[in-house]
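Residue numbers (this note's numbering): 2 to 140. In this text, a Cβ means the ideal position worked out from N, Cα and C, and glycines have one as well. Below is one structure, written out as structure tokens; the observations come after it.
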């Protein structure tokens, strides 16, 4: 009988026992010590694997926390940029509205002035035609 530790491709150690005829059995103490030794090796391997998995999980969680922090920072920066653009746009719109309002006021003043001028010219023309009409009627 042979007892050996087999480490397969997936790195999981397994205890194999092969019984071979025509070989005398070892005494029980040797067999027991071999089993204990192999059990110790197996437990060390399992502890090492658990330690590796734990290390990988810790590194993964740190990476995820770092990624979340990066995403949060980028989101804050994007929000700040959008807010800045909106503020600038609103200022521009207020300025444009103020300009349009100023132009409307100036245009209305100009139209009022033009209307006043047209009215004055009309009155003067009316006076002129009245005078001409009166003069023509007298002659």
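Check: For residue 35 and residue 23, the rounded distance between their alpha carbons; Outcome: Because the pLDDT at residue 23 is just 46, under 50, the model does not fix this residue reliably, and the value given afterwards should be weighed accordingly. Their backbone Cα atoms lie some 21 Å apart in a straight line.
Check: Whole-angstrom distance between residue 63 and residue 43, CA atom to CA atom; Outcome: 30 Å
Check: Coil, strand or helix - residue 125 by DSSP; Outcome: helix
Check: Span separating the alpha-carbon of residue 185 from that of residue 68; Outcome: Because residue 185 is not part of the residues shown, which for the chain are 2 to 140, the question remains open.
Check: Pairwise C-alpha distance: residue 81 and residue 72; Outcome: 14 Å
Check: Distance, residue 112 Cα to residue 189 Cα; Outcome: No information on residue 189 is available, as it lies outside the stretch 2 to 140 that the chain covers here.
Check: CA-to-CA distance, residue 98 to residue 107, given in whole angstroms; Outcome: 14 Å
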